[in-house]
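Residue numbers (mature numbering (1 follows the signal peptide of the UniProt record, and there is no 0)): -27 to -1, 1 to 423.
Note that beta-carbon positions come from the ideal geometry of N, C-alpha and C, so glycine has one too.
Below: one structure, written as structure tokens.
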């Protein structure tokens, strides 16, 4: 979260403080109503877009994923240069604020979310100015959830680079048959609890089979959103940007966390799980060893399971509908950066063209947010696992709320005490809610003074 930026006044932005980047998703009408963010007004007069070969300059791209190899990135740049031969692209991995604080200013930034403070402080440009100059731009071709995530009021402060559909549920069919179970249609907390418990089997004091542990769905905070959504919460339950109020201690969220903690303690007995994992060959996941009947997974983990044991007989399907959400990352133009025309060319090519969608998946393994991509449609038709994740992307209407300040500090701080039984889930969430609301109130109070 950037609290130390002063508003852009035409001469640059002064940095007061730099903090680490917080990690953890239209259509046109008549001229009477205003066009939605990211949609050119049909009646507007716009100059023709410049030919790709005429665009010149340098893209300096900041990105966050350290697992992307330089070789893969260079291949993607080479594909870009087939369309834009006169634009040079260089890139650097790392958090944005320290780069700018040191005077190392990119013109394209990558964000897994977009905090209100960055917008209020003038950190990024409103991309509507670029979109309106592009007669071919189709906001409706993007996944709606992630396209709207970087919007603030009427501004479009980022374009989705890729999707992260969350999550799939996988079942080992052999184990289900062994236990006489069928793939269920899970709806909520109660039926999920009943079904999950069927595969946590103790025999002679040892764990014979395991299922899924909801407390650790890719980190306990991710699990909190997942299970809370399953229990009837939605993004506005956690944070309502209209009222500027948080509600982490809503009964739906408290009940979700209470279930997660009890399940971990009483059913997914941690010591027994550790003993089972220790008995497996090194670096072997219990699911691959066929000691786990079901799992909630990302597309990457599913691919790894398939690679490690190609003969696994699996059922792959979207997780519970209520719990699904879309995540991903977006690309923004940094206000202080140079060569904005080149920066927009890079963003446009990577996010909205067939060539960009194909290159990004082939080189980085990331799924474009452009839902009408022929490459994506062909891939889904040929790859049944991939199709499931595209189904998730199309079905999911939820997302991780975009809080204006860091929301996880107190949660992570108090989580060990809750696990040790020193405080209850409700007591922890009461404290988290009070602390976070105080920080949000102070945030907006400070911004109002500028």
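Residue ranges of each alpha helix (DSSP H) within the region 286 to 360, 4 or longer
313 to 325, 327 to 337 and 347 to 355
If we ignore side chains and look at the alpha-carbon of each, how far apart do residue 56 and residue 307 end up?
The residue given as residue 56 occupies position 83 in the chain shown. The residue given as residue 307 occupies position 334 in the chain shown. Rounded to the nearest angstrom, the two C-alpha atoms are 23 Å apart.
Quickly, what does DSSP pair residue 81 with across the bridge? List them, please.
The residue you call residue 81 lines up with position 108 of the chain shown. Paired residues: 34 and 306.
Just to confirm my understanding: we take residue 6, look at its own chain, exclude 5 residues before and 5 after, and list those with CB closer than 8 Å. What are they?
As a position in the chain shown, residue 6 is number 33, starting the count at 1. Any answer about residue 6 is weak, because its pLDDT of 32 lies below 50 and its placement is not dependable; what the coordinates show is given next. Within the same chain, residue 6 has no close Cβ partners at all.
Between residue 132 and residue 324, which are expected to be in contact by the criterion C-beta below 8 Å, what is the C-beta distance as a whole number of angstroms?
Numbered from its first residue, the chain shown carries residue 132 at position 159. Numbered from its first residue, the chain shown carries residue 324 at position 351. Contact flag correct, Cβ pair sits at about 5 Å.
Report all residues from its chain with a CB closer than 6 Å to the CB of residue 66; omit the five preceding and five following residues, and keep chain order.
For the purposes of this step, residue 66 is taken as the residue at position 93 of the chain shown. Close CB contacts of residue 66 within its chain, under the 6 Å cut and outside five residues either way in sequence, are with 36 and 39 (chain order).
Please look up how many angstroms separate the CB atoms of residue 322 and residue 314, rounded, as I've assumed it's under 8 Å.
For the purposes of this step, residue 322 is taken as residue 349 along the chain shown, with counting starting at 1. For the purposes of this step, residue 314 is taken as residue 341 along the chain shown, with counting starting at 1. Between residue 314 and residue 322 the Cβ distance is about 13 Å, and since that is not below 8 Å, they are no contact.
Cβ pair residue 135, residue 340 closer than 7 Å
Stepping through the chain shown from its first residue, residue 135 is reached at position 162. Stepping through the chain shown from its first residue, residue 340 is reached at position 367. Their beta carbons are under 7 Å apart, which means residue 135 touches residue 340 by this criterion.
Residue 139, enclosing beta strand (DSSP E) - first and last residue
The sequence position of residue 139 within the chain shown is 166, counting from 1. Taken as a continuous stretch (DSSP letters only), the beta strand (DSSP E) holding residue 139 covers 132 to 139.
Determine which residues share a DSSP beta bridge with residue 218 and list them.
Taking the first residue of the chain shown as 1, we reach residue 218 at position 245. Answer by DSSP bridge pairing, in chain order: 213.
Helix or strand or just coil, what does DSSP make of residue 67?
For the purposes of this step, residue 67 is identified with residue 94 of the chain shown, where counting begins at 1. Three-state DSSP puts residue 67 in coil, outside helix and strand.
Is the beta carbon of residue 187 less than 7 Å from the beta carbon of residue 233?
By one-based count along the chain shown, residue 187 stands at place 214. By one-based count along the chain shown, residue 233 stands at place 260. For residue 187 and residue 233, yes; Cβs fall inside 7 Å.
What is the DSSP secondary structure of residue 193, reduced to helix, strand or coil?
Working through the chain shown from its first residue, we reach residue 193 at position 220. Helix, per DSSP.
Indicate the three-state DSSP secondary structure (helix, strand or coil) for residue 153 in the structure shown.
Walking along the chain shown from the start, residue 153 turns up at place 180. Three-state DSSP puts residue 153 in coil, outside helix and strand.
To test your reading of the DSSP string, which unbroken beta strand (DSSP E) runs of 3 or more residues are found completely within the region 234 to 289?
267 to 270
I need the straight-line Cα distance from residue 2 to residue 304, nearest angstrom please.
As a working note, residue 2 is residue 29 in the chain shown. As a working note, residue 304 is residue 331 in the chain shown. Low local confidence applies: a pLDDT of 34 at residue 2 is under 50, so the model's placement there is unreliable, with the coordinate-based value given in what follows. Going from the Cα of residue 2 to the Cα of residue 304 covers about 26 Å.
Looking at residue 162: is its Cβ nearer than 7 Å to the Cβ of residue 204?
For this step, residue 162 is matched to residue 189 along the chain shown. For this step, residue 204 is matched to residue 231 along the chain shown. Yes, the pair counts as a contact, with Cβ atoms nearer than the cut-off.
Output the distance between the C-alpha atoms of residue 346 and residue 366, rounded to the nearest integer angstrom.
Here the question's residue 346 lines up with position 373 in the chain shown. Here the question's residue 366 lines up with position 393 in the chain shown. Cα to Cα, the separation comes out at about 14 Å.
Kindly identify the DSSP beta-bridge partner or partners of residue 180.
Mapped onto the chain shown, residue 180 falls at position 207. Its beta-bridge partners are 175.
Return helix, strand or coil for residue 29, following the three-state DSSP convention.
The sequence position of residue 29 within the chain shown is 56, counting from 1. Correct three-state label for residue 29: coil.
List the endpoints of the continuous alpha helix (DSSP H) containing residue 188.
As a first step, residue 188 must be located in the chain shown, where it is residue number 215. First-last for residue 188: undefined, no H or E at that position.
Inspect the beta-carbon positions of residue 269 and residue 241 and report whether they are closer than 7 Å.
By one-based count along the chain shown, residue 269 stands at place 296. By one-based count along the chain shown, residue 241 stands at place 268. No; because the gap between Cβ atoms is not below 7 Å, this pair is not in contact.
Option in 85, 415, 97 and 140 with minimal Cα separation from residue 274
For the purposes of this step, residue 274 is taken as the residue at position 301 of the chain shown. Closest option to residue 274, Cα to Cα, is 140.
I'd like to check one pair, residue 402 with residue 227: are the Cβ atoms closer than 7 Å?
Looking up residue 227 in the chain shown gives position 254. Looking up residue 402 in the chain shown gives position 429. Going by C-beta atoms, residue 227 is nearer than 7 Å to residue 402.
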